[in-house]
Amino acid sequence: MRRKHCEITDHQQIERILASTNVGRLATNGADGYPYITPVNFVYHQEKIYFHCAKKGEKLDNMARDPKVCFEVDIPLAYLDAGTDPDRRICKVHQLYHCVIIRGQSRIVPDGSLKVAALNDLVAKHENCSDHELVNQEMPAFKACEVVEITPTCISAKSDLAQNKAPEERFALARYLKNRNWPGDSEAVKAMGFDPNDMD
């Protein structure tokens, strides 16, 4: 990884990123030799990625032919416009973000308890509650879908939160973002370790 100051090695922090967003991007190897990327709703369950899909489709064909996949999640935070640079140099614009990239092996989960558990975890994550209707094997929708499991072989993660700046520069940047108040600015300020209510 080139920007080592952005690297995340703490597994709990990686899990928090995976838990805080619902959509990831799945890359499979296409029959034509091109990567094929699909956005999917997912859940991280027992250290593996799970998503559901129809029983037929290009990504399933690709995984049947080659189970090696790549899975990516990103959370854009604040966009640093030219106003964040004292000289307003356009080449200094930047994006703060979290991201996780997983290389792994995919497989279709057979009907059974693991498929039920993965689907219920997926629903609970997206419904953001635990009192939803529980999925069971008798539901027509259960039988009509596939659940895909990705077992990671390599996980890398980054958070770009201006860690390479001096403390006073980071504070000035956080205060600028707080006052600008664009979408993502408040989240970026908190991720940088500052309290937006205590920056005056």
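Under this note's numbering, the letters of the sequence shown match residues 213 to 412, in that order.
Cβ atoms here follow ideal geometry from the backbone N, Cα and C, with glycine treated the same way.
At what residues does the beta strand (DSSP E) containing residue i begin and finish?
i             : result
aspartate 362 : It is isoleucine, not aspartate, that sits at residue 362 in the sequence shown. Run containing isoleucine 362: 357-372, per the beta strand (DSSP E) assignment.
alanine 239   : 235-241
proline 251   : 247-253
alanine 294   : Taken as a continuous stretch (DSSP letters only), alanine 294 belongs to no beta strand (DSSP E), as it is neither H nor E.
lysine 260    : 260-266
On the CB-based measure, 16 or more other CB atoms within 10 Å of its CB, does residue i come out buried or exposed?
i              : result
serine 342     : exposed
isoleucine 226 : buried
leucine 346    : exposed
serine 325     : exposed
lysine 327     : buried
lysine 355     : exposed
isoleucine 475 : Lying outside 213 to 412, the shown extent of the chain, residue 475 is not represented and no answer is given.
threonine 296  : buried
asparagine 274 : buried
According to DSSP, simplified to helix, strand and coil, what is residue i?
i                 : result
phenylalanine 283 : strand
isoleucine 226    : helix
proline 322       : coil
glutamate 219     : strand
histidine 257     : strand
histidine 344     : coil
aspartate 407     : coil
With the cut-off set at 9 Å, would you say residue i and residue j are in Cβ contact?
i              : j             : result
lysine 370     : glutamate 219 : yes
isoleucine 249 : valine 312    : no
tyrosine 262   : valine 401    : no
valine 177     : glycine 236   : Past the edges of the chain, shown from 213 to 412, lies residue 177, and the structure says nothing about it.
methionine 404 : alanine 386   : yes
threonine 245  : lysine 280    : This sequence places glycine at residue 245; threonine is not what is there. Contact flag unset, no.
histidine 344  : alanine 353   : no
valine 416     : threonine 233 : With the chain covering only 213 through 412, there is no way to say anything about residue 416.
glutamate 366  : histidine 264 : Correcting the residue type first, residue 366 is cysteine in the shown sequence and not glutamate. Contact flag unset, no.
glutamine 307  : alanine 290   : yes
Tell me the DSSP bridge mates of residue i?
i             : result
glutamine 317 : Lys280 and Thr363
valine 312    : Val285 and Ala369
glutamine 307 : Tyr291
Need the endpoints of the alpha helix (DSSP H) that residue i sits in, please.
i             : result
alanine 386   : 379-392
serine 232    : Where serine 232 is concerned, there is no enclosing alpha helix (DSSP H), given that its DSSP letter is neither H nor E.
aspartate 397 : 397-403
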